[in-house]
Each structure stands twice: as structure tokens, then as C-alpha cells.
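To start, the structure itself, in C-alpha cells.
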Amino acid sequence: MMDKYINKNVFIFSIISIIGYSFLRYRIVGNLFGNKKYKAIYILNTSDQKKIESTLRNIRNAYNDQRLKDQLRIELIVFGEGVSVYMKSNPYEPLLIQLKSFGTIFKQCENTIRDRNINKNELFDFVEYVPSANGEIILKQHQGYASVHPW
525 MMDKYINKNV
535 FIFSIISIIG
545 YSFLRYRIVG
555 NLFGNKKYKA
565 IYILNTSDQK
575 KIESTLRNIR
585 NAYNDQRLKD
595 QLRIELIVFG
605 EGVSVYMKSN
615 PYEPLLIQLK
625 SFGTIFKQCE
635 NTIRDRNINK
645 NELFDFVEYV
655 PSANGEIILK
665 QHQGYASVHP
675 W
């Protein structure tokens, strides 16, 4: 009778330990290997140079905020007239490369490039594509991303 009681307690303790270990591994070790604590998706849908530069500056400022250091994941989603920021013919490459070095992920709406007859070869190679910007924003908000539209 006592052996059954001990085995049951050992079993329960083992289950609790496994759950606790899994949680701690995810929260502590996960953050060391890419699971960022804070996530934001910046939205850009204008070709206005001042607004583009302001958005890119806001992203850089977030990375420079010491409270967020090494805990931040940022994506920039572009659609509509905003596609100009990713065009190789425009002057934004140095700013984008700097943000890429911080870990920024750049995404472009495929609806926009299809509707405007833009060839992907006209855009920077580091740009990723999503079917729709609106869908991406909705998905990211559901995943806990802060939605930032700076202007």
C-alpha cells in the first residue's frame, strides 16, 4: 500500500518538474536563443521621404532604448506607396542595412507589387514577401506584436 502511495507521489512530482523545467527553459533559455521579449511591427504605406526617414529613425531609436536592449524584435511591413523604401533606385539602402544589422525583418505586401507591376528584382534582396500587408498586421497583433504607425 505504501509503495503505491510513494509511486503516485513520485509520478506527480515528476510531471510537475517536467512542466516547470519546460516553462523555465522557454522563458530563460528561449530568450537567449532568439525568443525576444518585446515585439513590434512598424507600418509604412507612404512614399513621403520625411515620413519614411521618420519611420526608420523611430525603429533605430527603439533599438537604442536601453530598456529594450537585446530583447526586441522588429518587423517593418510595407505596402501601397511605401514600396518606394525598398526600391533599389531610392537612397534608403544604408539606413535599411543598419537596421538589418540590429535584426530588423523587412516585409513587402505582394498585392502592392502585383497591382503596381513591380518586379521583385527592383527591390532589395533582403526583403521578404507576404500575401497581404493587412493580413500580416492582423497575424502579428494576434501574436502579441505592438503595432506602430509613427506618423
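In my numbering, the protein residues as written are 525 to 675.
Where is the CB? At the ideal position from N, CA and C, for every residue including glycine.
Just so it is clear, the structure is predicted and the values come from calculations on it, not from any experiment.
Beta-bridge partners assigned by DSSP to LEU596: TYR562.
The beta carbons of THR579 and GLU605 sit no closer together than 9 Å. Sequence-distant Cβ neighbours of PHE603 in its own chain, meaning closer than 6 Å and more than five residues away, are ASN569, CYS633, THR636 and ALA657.
With contacts defined by Cβ atoms closer than 9 Å, PHE650 and LEU619 do not form a contacting pair. When rounded, the separation of the alpha-carbon atoms in ARG591 and TYR610 is 29 Å. Exposure of LEU663 is indicated by the presence of fewer than 16 other C-beta atoms within 10 angstroms of its C-beta.
Around SER671, the same chain offers ALA564, ILE565, ILE567, ILE661, LYS664 and GLN665 as residues with beta carbons nearer than 8 Å, after the five sequence neighbours per side are excluded. Secondary structure note for PHE603: it is in no alpha helix (DSSP H), with a DSSP letter that is neither H nor E. DSSP places ILE567 in the strand class (E or B) of the three-state scheme.
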